[in-house]
Amino acid sequence: KAGVTQTPRYLIKTRGQQVTLSCSPISGHRSVSWYQQTPGQGLQFLFEYFSETQRNKGNFPGRFSGRQFSNSRSEMNVSTLELGDSALYLCASSWMDTAYEQYFGPGTRLTVT
Amino acid sequence: KQEVTQIPAALSVPEGENLVLNCSFTDSAIYNLQWFRQDPGKGLTSLLLIQSSQREQTSGRLNASLDKSSGRSTLYIAASQPGDSATYLCAVNSGGSGGYNKLIFGAGTRLAVHP
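Keeping their order, the protein sequence lines are chains A and B. For the record, in the first sequence the residue sitting at position 60 is 1082 according to the working numbering, with numbers rising by one throughout. For the record, in the second sequence the residue sitting at position 97 is 456 according to the working numbering, with numbers rising by one throughout.
This is the structure:
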């Protein structure tokens, strides 16, 4: 069974631009969560989607948004990029709406210059 | 507000040693606790999941325990090998206002096992 895939793996953007990251969960998984990892703040929860609905949201500004499609694939968007948005963005998928094991993808490394 | 702390922050041991990584959390109302491994620049690999009703889980040379009432978990690694060198992360799932999947991570323990 294929794991969680994320595209692209690496991105370089300029301040003020916007970016869209994609995540394909493990087949059959319906919950997709997004996390930001930085050296200073560690791993922080961004949001979680289940059956195309956002269920939880972390403490990030409105520039960070996401969505989930009917096939459970998810995208996250960051608008008006800032230097501080440079990070490793990780996606995790889980089977059901209860607390099952979460599986992470390889991440997208975003660099904002 | 749930907070997760991992001690020590870094650990260097010779190959073959048994070692213990510690994780503590402030709110005992959790669904489960998960241990991960992260190699430099890579994603997270799930090692063990302990549900809130369980006391421990084992996988190969790894054993994780959970004491929910005291807010503690330990990851025991037996007979360490150089390939175990990585950062080990503890995460508690306290859920959120809308659902069950919200992990709060500790800062990790960076482990180096030297031959």
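For each residue, glycine too, the CB sits at the ideal point set by N, CA and C.
Flag this pair as yes or no: are the beta carbons of residue i and residue j separated by less than 9 Å?
i, j, result
"Q1028 of chain A", "L1132 of chain A", "no"
"S1092 of chain A", "E1070 of chain A", "no"
"A369 of chain B", "A445 of chain B", "no"
"G442 of chain B", "V363 of chain B", "no"
"S439 of chain B", "F384 of chain B", "no"
"S411 of chain B", "N381 of chain B", "no"
"N452 of chain B", "A1121 of chain A", "yes"
"T1102 of chain A", "L1043 of chain A", "no"
"V1100 of chain A", "V1041 of chain A", "yes"
"N1078 of chain A", "G375 of chain B", "no"
Out of the options, which one is the CA nearest neighbour of residue i?
i, options, result
"L425 of chain B", "B:A388, B:L370, B:T446", "B:A388"
"L406 of chain B", "B:A369, B:P373, B:I436", "B:I436"
"A1109 of chain A", "A:Q1059, A:F1067, A:R1095", "A:Q1059"
"R420 of chain B", "B:Q361, B:V379, B:V372", "B:V379"
"G1064 of chain A", "B:Q365, B:E376, B:L434", "B:Q365"
"K360 of chain B", "A:Q1124, A:A1121, A:G1080, A:D1107", "A:G1080"
"R414 of chain B", "B:P367, B:V372, B:K427", "B:K427"
"S1049 of chain A", "A:Q1066, A:L1068, A:S1094, A:G1088", "A:S1094"
"Q1087 of chain A", "A:S1055, A:Y1125, A:A1114, A:E1123", "Looking at the sequence shown, residue 1087 of chain A is not Gln but Ser. The shortest Cα separation from S1087 of chain A among A:S1055, A:Y1125, A:A1114, A:E1123 belongs to A:S1055."
"Y1057 of chain A", "B:L462, B:A423, B:L434, B:T468", "B:L462"
"I1034 of chain A", "A:R1077, A:Q1124, A:S1044, A:D1107", "A:D1107"
"A1114 of chain A", "A:G1127, A:T1102, A:L1105, A:E1104", "A:G1127"
"I409 of chain B", "B:T468, B:C449, B:H473, B:P474", "B:C449"
"T468 of chain B", "B:Q397, B:N422, B:Q416", "B:Q397"
Hey, quick one: how far does the beta strand (DSSP E) through residue i stretch, first residue to last?
i, result
"H473 of chain B", "468 to 473"
"D426 of chain B", "421 to 426"
"S371 of chain B", "369 to 373"
"Y435 of chain B", "431 to 436"
"N377 of chain B", "Unbroken run through N377 of chain B: none, as it is neither H nor E."
Relative to the ligand COA, is the shortest distance from any of its heavy atoms to the C-beta of residue i smaller than 8 Å?
i, result
"A423 of chain B", "No copy of the ligand COA appears in this structure; indeed no ligand is present at all."
At 8 Å on the CB atoms, spell out the chain A contacts of residue i, in chain order.
i, result
"K427 of chain B", "Residues of chain A passing the Cβ test: none, with the nearest at roughly 14 Å."
"A466 of chain B", "G1064"
Along chain B, which residues have their Cβ under 9 Å away from the Cβ of residue i?
i, result
"S1116 of chain A", "Y459, N460"
Closer than 9 Å by beta-carbon distance: list the chain A residues that pair up with residue i, in chain order.
i, result
"N452 of chain B", "A1121, Q1124"
"Q393 of chain B", "E1123, Q1124"
"Y435 of chain B", "By Cβ distance, chain A contributes nothing, its closest Cβ being about 20 Å from Y435 of chain B, past 9 Å."
"F384 of chain B", "Under the 9 Å cutoff, chain A gives no residues; its nearest Cβ is about 14 Å from F384 of chain B."
"S424 of chain B", "Within chain A, no residue comes near S424 of chain B; the closest Cβ sits about 17 Å away, beyond 9 Å."
In chain B, which residues lie with their C-beta within 8 Å of the C-beta of residue i?
i, result
"E1104 of chain A", "Near E1104 of chain A there are no residues of chain B at all, since even the closest Cβ is about 22 Å away, more than 8 Å."
Using a cut-off of 8 Å between C-beta atoms, extract the partners of residue i located in chain D.
i, result
"K401 of chain B", "Annotation note: the requested chain D is absent from the structure, which comprises protein chains A and B."
What in chain A is Cβ-close to residue i, meaning under 7 Å?
i, result
"Y447 of chain B", "Those do not exist, as Y447 of chain B stays about 13 Å from chain A at its closest Cβ, beyond 7 Å."
"L408 of chain B", "E1123"
- Taking only runs of the beta strand (DSSP E) that begin and end inside the segment 1030 to 1118 of chain A, which ones reach a length of at least 3 residues, in chain order? 1032 to 1035, 1041 to 1046, 1053 to 1060, 1064 to 1072, 1075 to 1079, 1086 to 1090, 1096 to 1100, 1109 to 1116
- Residue ranges of each beta strand (DSSP E) run of no fewer than 3 residues wholly in the segment 381 to 419 of chain B, ordered along the chain? 391 to 397, 403 to 410, 415 to 418
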